[in-house]
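Presented below is the structure to which this report refers.
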Amino acid sequence: MKFRIERFNPDTDAKPYFKEYDVDLKPADRMLLDALVRIKMMDDTLSLRRSCREGICGSDAMNINGKNGLACITKIVDLKEPVVLRALPGLPIIRDLIVDMTHFFAQYHSIKPYLINDEPPPERERLQSPHERAELDGLYECILCACCSTSCPSFWWNPDKFVGPAGLLNAYRFIADSRDQAANARLDDLKDPYRLFRCHSIMNCVDVCPKGLNPTSAIGKIKDMMVRRAV
Amino acid sequence: MALPVRKFDAVIVGAGGAGLRASYELSKAGLKVAALSKVFPTRSHTVAAQGGVGAALGNMGEDSWHWHMYDTVKGSDWLGDQDAIEFMCRMAPEVVIELEHFGMPFDRNDNGTIYQRPFGGHTANFGEKPVQRSSCAADRTGHAMLHALYQRNVHTKTQFFVEWMALDIIRDAEGRVLGVTALEMETGDIVIFQGKATLFATGGGGRIFASSTNAFINMGDGVGMTARAGIPLEDMEFWQFHPTGVAGAGVLITEGVRGEGGYLLNKNGERFMERYAPTMKDLASRDVVSRAMATEIKEGRGCGPHGDYILLKLDHLGADVINKRLPGIRESAIKFANIDPVKEPIPVVPTCHYQMGGIPTNYHGEVVVPKGGNPSSVVPGFYAAGECGCASIHGANRLGTNSLTDLLVMGKSSALSMLDYIKAEGPKHRDLPKDAGDFSLSRVAALDGKKGGANVDKTRGEIQRTMQAHCGVFRFPDMLVQGVDKIKALADSVANLEIGDKSKVFNTARIEALELQNLYETARATMISAEARKETRGAHDRADFHQRDDNNWLKHTLWYKEGDKLEYKAVNLKPLTVETIPPKARVY
Ligand SMILES: Cc1cc2nc3c(=O)[nH]c(=O)nc-3n(C[C@H](O)[C@H](O)[C@H](O)COP(=O)(O)OP(=O)(O)OC[C@H]3O[C@@H](n4cnc5c(N)ncnc54)[C@H](O)[C@@H]3O)c2cc1C
Ligand code: SF4
Ligand code: SF4
Ligand code: FES
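What follows is the structure in structure tokens.
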């Protein structure tokens, strides 16, 4: 099977270039990550991140035939040849398929991604009804892979000012939690023209999320709450 | 060459569940903490845990920590230390409730309490009937837990060193542990992290087997570093084979599937677990279920064209239950087995899953070794928690959900011990030995300079295939003896690895080679300890000694790298406050 992989090593290369590979795949190779492991056996200078190989750790996000996704849960049979692989767009490349995620995580950290509740915790669990808990479905499953944010044009242009779909989805995860008391402060924090309002509902993020999450809908809910709060 | 030194109160190697639970406790107390991880914390393998965390909350009916303790001792086939087991089971409700307060999105009952599901080996009233003890967040419990713990650490401002790989332990002349050397992947720089106390929370090394539920990064680093530092490894012959890994892919299907009512079938459509475990059936302990499955396959009742797998049926639960309680499983089965479990059963085989042995500790998380007649003398400054540690809570076989409990309890307990130790050490750091970084530097230089050495992928593959064939679910005497020879014969290759990539920036070939050297120590300890243990206990099943032998083998193995020396130490059968649970035959 034929691959074209974008390569870059700052030690030796002035700029990124494409390298072609032709690999004999074995019947056991089902996912793109299996193929990449095989390519790395031929050429150990190819660098990529990977760990769980089951789509839960978020390590191996990359741009696959033009669309962001996780290599470990992308089926080889679904891919058109030559398979073109590049690092996630919009973030600085460290080497080959490895990008610098500093901005991405800085935005995640900026939304105070932790439960805020200043009351002294009760002896037992804080109670939450199954209905209240269900509000967190579709939000808490985010694996911070960055597929969404790095496919979002608003994030490309303003990675330091726009929180991006992943960060906003997580912001809503805490706003929506019946145990969290900081909803108002969280909304205040997103009020400026950039942090939230750079989202123009282009929906690229929804299209690529490998966990089937919907950041646009979460963003819409935050916007609704702001409007409701204003009246 | 002198390496740069960075000084901290506490150095924590590993930012999975155990490391994050500990770093939270220490940074909350205002200490200067460095938490190192090969991957961004939420990418640690705790993220893959599915089924749940065990604690006798009693939310679904009566439960008690004492019953949990009984189940854990029995599950361990009496090799677990009963003081550590009592400690864990008593502490379990507290640490799970804490996790809820941290924001973990547990599933809920109608009355708002945490939902708990049944799980293998967990019973009410000392073995009478299954109990619902596993607190969960659908089948994504580990993900929900790891993120909640990371989020707490963001709050307490723990200092993370992400994509740093620890290479070796630094000890002084008295044997005290003073920190580690570590390599920054992005730059290739090597630095000394000096700590008044050092915690290993590096997770398991399940990648020693060819077929494994473990992530690529689970290479036994902590165990390898410990062995190189002259500290023995405990009970490394005991590895859990999870009954239900997806055939071919290794991806795990949680026992929670059977907890919710799924069951196993052989090729005749027979629910065979009824024969092997009349009371607990498909919810018997994991070693029992894995062995039953392997027996069915061996005796020609396996499914599929080659008769080499078993079917896990759950479609009778209905789409609603599957979508609500097991959504991740449905996703995995569709992706990795091409099967929608709402309609068809999933092909599964026993797959290496969990390392019961590891770095010997007591239940305070302090690393202990035999010294001057004391079998458990503390190594000052050194702590271990989570899957890399051996307290020993799981003995010869771990119960499902007890690992997440263990990493919470032991993560917290070791952090509290470290707090005391760091206070006693006072404000100043001790002097590092003059040659502190030399060993690591020479290892890396050897790799970079090697020409005509052994190939990393080939060597790793040979180790994994050897372990799988010679040290798997069933162990045969001649195979074990040959296995020891084969593994020893690989020492030369492992010491002389060659990599093509010589660059500094994010050189993953170099990382893989360094990991392989740790994997090798893990595999070697396993094979040698297994060959020596002439009995069957828990996950260690020998064809030639088919019974548990309490007269000769109710003891922990200690393997030293130096000369492959084996020593043994007594199992602690004395709990902290309750009466001993005396060994008896293990039936489910
Ligand atoms: C698929 C699967 C499902 C499971 N389901 C359950 C379940 O439902 N219930 C249950 O109780 N248990 C379950 N387990 C077991 C449980 O998840 C693990 O035992 C546990 O999460 C291990 O946690 P840990 O903190 O010890 O290690 P890990 O989470 O593996 O973390 C190890 C950390 O150490 C770091 N590290 C390793 N080496 C180095 C180094 N050299 N330098 C720097 N950092 C290093 C890694 O980067 C990582 O941060 C499951 C396991 C698997 C594989
Ligand atoms: S919907 Fe908003 S966040 Fe998503 S890609 Fe478009 S602009 Fe970005
Ligand atoms: S929302 Fe989806 S795509 Fe975005 S980081 Fe989370 S899991 Fe990845
Ligand atoms: S390797 Fe973990 S998400 Fe792909």
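From first to last, the protein sequence lines are chains A and B.
Note that the first sequence covers residues 122 to 352 in this note's numbering.
Note that the second sequence covers residues 14 to 601 in this note's numbering.
Here a beta-carbon is modelled for each residue, glycine too, at the ideal position from N, C-alpha and C.
In the DSSP secondary-structure assignment, B/T211 is bridged to B/V24, B/F395.
Contact between B/D84 and B/L412 holds: CB atoms are separated by about 6 Å, below the 8 Å threshold. Residues of the stretch 494–524 of chain B that bring their beta carbon within less than 8 Å of a beta carbon in chain A comprise I512, G513, D514, S516, K517, V518, F519, N520, T521, A522, in sequence order. With a cutoff of 8 Å on beta-carbon distance, B/T472 and B/S506 are scored as near each other. Taking a beta-carbon distance threshold of 8 Å, B/E357 does not count as an interface residue toward chain A. Not one heavy atom of ligand 4 is found less than 7 Å from the C-beta of A/D134. Between A/Y315 and chain B, the shortest Cβ-Cβ separation is not below 8 Å.
Annotation: B/A346 to B/P131 spans about 22 Å, alpha carbon to alpha carbon. Within chain B, F519 have C-beta atoms less than 7 Å from the C-beta of A/I219, given in sequence order. Assigned with DSSP and collapsed to three states, B/W91 falls in coil, not helix or strand.
In this structure, A/I177 has its beta carbon less than 7 Å from a heavy atom of ligand 4. C-alpha of B/P358 to C-alpha of B/G261: approximately 15 Å in a straight line.
Inter-residue distance for B/Y434 and B/G134 is about 37 Å (C-alpha atoms, whole angstroms). For B/A459, the uninterrupted alpha helix (DSSP H) run begins and ends at 451–462, by DSSP.
Counting C-beta pairs closer than 8 Å gives fewer than three between the stretch 544–551 of chain B and the stretch 149–169 of chain A, which falls short of the contact rule. For A/D143, the enclosing beta strand (DSSP E) covers residues 138–143.
With a cut-off of 8 Å on Cβ pairs, the stretch 311–320 of chain B is not in contact with the stretch 246–259 of chain B, counting fewer than three such pairs. In the structure shown, the three-state DSSP call for B/V190 is strand.
Close to chain A, meaning a Cβ-Cβ distance shorter than 7 Å, is no residue of the stretch 170–190 of chain B at all. Among the residues of chain B, those whose CB is under 7 Å from the CB of A/I177 are V60, A61, H156, following chain order.
DSSP links B/F174 through a beta bridge to B/L49.
The beta carbon of B/I406 is closer than 6 Å to those of G93, A97, I98, M101, D419 in its chain, skipping five residues each way along the sequence. Among the residues facing chain B, A/L265 is included, as its CB has a counterpart in that chain under 8 Å away.
Short of 6 Å from the beta carbon of B/G378, and not among the five residues preceding or following it, lie these beta carbons of its own chain, in chain order: Y396, A398, M423, S426, S427, S430. Taking the Cβ of B/L246 as the reference point, every heavy atom of ligand 1 lies at 7 Å or farther away.
Within the stretch 216–276 of chain A, no complete beta strand (DSSP E) segment of 3 residues or longer occurs.
Runs of the alpha helix (DSSP H) lying entirely within the stretch 123–154 of chain B and spanning at least 4 residues: none are present.
The Cβ atoms of B/R153 and B/G317 do not sit closer than 8 Å to each other.
The residues S224, S225, T226, F254, H255, G258, G263, in chain order, have a CB closer than 7 Å to that of B/T364 in the same chain once the five nearest residues on each side in sequence are set aside. Secondary structure of B/G258 (DSSP, three-state): strand. Taking the Cα of B/V66 as reference, the smallest distance to any Cα among B/N231, B/A543, B/V600, B/P118 is reached at B/P118. Rounded to the nearest whole angstrom, the C-alpha separation of A/Y142 and B/A482 is 33 Å.
With contacts defined as CB atoms closer than 8 Å, B/I372 and B/V236 qualify as a contacting pair.
Within its own chain, the residues whose Cβ lies closer than 8 Å to the Cβ of B/Q560, once the five positions on either side in sequence are excluded, are E548, T549, listed in chain order. Between A/H230 and B/V167, the C-beta spacing is below 8 Å. In this structure, B/A151 places its C-beta atom within 8 Å of the C-beta atom of B/R338.
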